[in-house]
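Okay, so here's the structure we're looking at.
Residue numbers (the UniProt record's numbering): 1 to 348.
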């Protein structure tokens, strides 16, 4: 790894996280238990966290939501939950955020995302379209990327039906969902270049939160001691054992599949991509691939040194409040005329 690709300085430590680990360490998930059990337990915990936040902040009374059914190419249906702020800007159709949740393609669902989507819809004054793509172990790659693209095409056909502005669309997601968002954005970019009149949506940018952008078996720096994968073999939240489990369950036959390696897309493929905001955790095995991707596109990078993958679920951390602020500001930047890239390191 060249000096330019050595991002180990963001590993940490974070004093706030170290104190949190000493006082109230989160439970570790045993990768050896059945995957469906992991999914059930994780989703139950995430729903509890979401419900608690909504009970505390009262935003549930300020946002409306409705579920829609999206047909998939294999004759099935997936659910989209559409959140709309009740106090939208009068006379203007709000921007639309197409959102894919995280969870290693195994965990997460519509209910686990309620608090985050409601919070974002209210504070950013946007319509959030949350997609419940299908999960492993029942469904393997490429089901997830196909569902993501089918959801994008559904939005293209239904954006005015949900009251959104087709010229102000943002695509995004967290963790595995960030990978899906990057895939959809890159694919629609290619399509727009080849057949510009085919799609009615104008994608203004994408927001990637702790994204999974390279298949672990295709990572160019996986064996380098200072790489994020090596530094975080036993990291909290996403240790190598869990990353390996998620990868194996996904079952991609070809680890070089471009759909799972958007951070390795060629410069000629990403030329002209819309603005990108990336939120990165320093103590995260996925750190380096997000930073690699950020070098290719007009980007605002927000990195949280020493904090692990998925730290935002712990609302008591001051870093979580900063994360929320940076996320809302990401939408403002993408929808503005400002093309300036920036890099912010958030110390906690």
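Don't be surprised by glycine CBs; every beta carbon is placed ideally from N, CA and C.
Inter-residue spacing [alpha-carbon to alpha-carbon] between residue i and residue j
i	j	result
residue 265	residue 246	22 Å
residue 49	residue 313	7 Å
residue 359	residue 137	This structure leaves residue 359 out entirely; the chain is present only between 1 and 348.
residue 1	residue 292	Residue confidence for residue 1 is low, a pLDDT of 38 falling below 50, so the modelled location carries little weight and cannot support an answer.
residue 213	residue 328	22 Å
residue 51	residue 114	8 Å
residue 98	residue 169	8 Å
residue 273	residue 82	26 Å
residue 234	residue 194	44 Å
residue 101	residue 143	15 Å
residue 284	residue 91	43 Å
residue 126	residue 84	7 Å
residue 59	residue 201	29 Å
residue 244	residue 87	44 Å
residue 65	residue 17	34 Å
residue 5	residue 158	42 Å
residue 267	residue 186	12 Å
residue 417	residue 94	Given that the chain is displayed from residue 1 to residue 348, the structure contains no residue 417 and the question cannot be resolved.
residue 203	residue 22	43 Å
residue 76	residue 324	35 Å
residue 72	residue 239	33 Å
residue 63	residue 162	14 Å
residue 271	residue 296	8 Å
residue 269	residue 178	18 Å
residue 128	residue 96	6 Å
Cβ neighbours of residue i in the same chain (closer than 6 Å, five flanking residues each side left out)
i	result
residue 70	78, 80, 151, 154
residue 294	278, 301
residue 116	none
residue 342	300
residue 14	306, 307, 348
residue 241	31
residue 46	112
residue 104	176, 246
residue 310	237
Own chain, CB closer than 7 Å to residue i, minus 5 neighbours either side, in chain order
i	result
residue 368	There is simply no residue 368 to check, as the chain begins at 1 and stops at 348 in what is shown.
residue 12	282, 283, 305, 306
residue 298	275, 276, 339, 341
residue 184	148, 149, 152, 171
residue 252	141, 215, 260
residue 337	none
residue 10	282, 287, 303, 305
residue 167	202
residue 124	328, 331
Residues that DSSP places opposite residue i in a beta bridge
i	result
residue 206	171, 276
residue 65	83
residue 77	71
residue 291	Beta-bridge pairing links residue 291 to no other residue.
residue 127	96
residue 283	308
residue 301	278, 343
DSSP state of residue i mapped onto helix, strand, coil
i	result
residue 319	helix
residue 236	coil
residue 342	strand
residue 37	helix
residue 132	strand
residue 47	helix
residue 42	helix
residue 30	coil
residue 148	helix
residue 11	coil
residue 106	coil
residue 251	coil
residue 211	coil
residue 261	coil
residue 156	helix
residue 216	helix
residue 246	helix
residue 348	coil
residue 331	helix
residue 201	coil
Other residues of its chain near residue i: CB distance less than 8 Å, five sequence neighbours each side excluded
i	result
residue 318	16, 348
residue 217	247, 255
residue 375	As displayed, the chain neither begins before 1 nor continues past 348, which places residue 375 out of reach and without an answer.
residue 29	38, 41, 42, 242
Any non-hydrogen atom of the ligand GDP closer than 8 Å to residue i Cβ
i	result
residue 112	Looking for the ligand GDP in the displayed structure turns up nothing, as the structure carries no ligands at all.
Could you check whether the region 193 to 212 touches the region 171 to 179, counting it as contact only if at least three pairs of C-beta atoms, one from each stretch, sit closer than 8 Å? Because the criterion of three Cβ pairs below 8 Å is met, the region 193 to 212 and the region 171 to 179 touch.
Quick check: the region 26 to 41 against the region 328 to 335, are there 3 or more CB pairs under 8 Å? Verdict: no, contact absent.
Below 8 Å, can you find three or more Cβ-Cβ pairs linking the region 126 to 136 to the region 101 to 109? Flag = yes, the region 126 to 136 and the region 101 to 109 touch.
Indicate whether the contact test is met: 3 or more Cβ pairs, each with one atom in the region 181 to 194 and one in the region 219 to 226, closer than 8 Å. Segments in contact, no.
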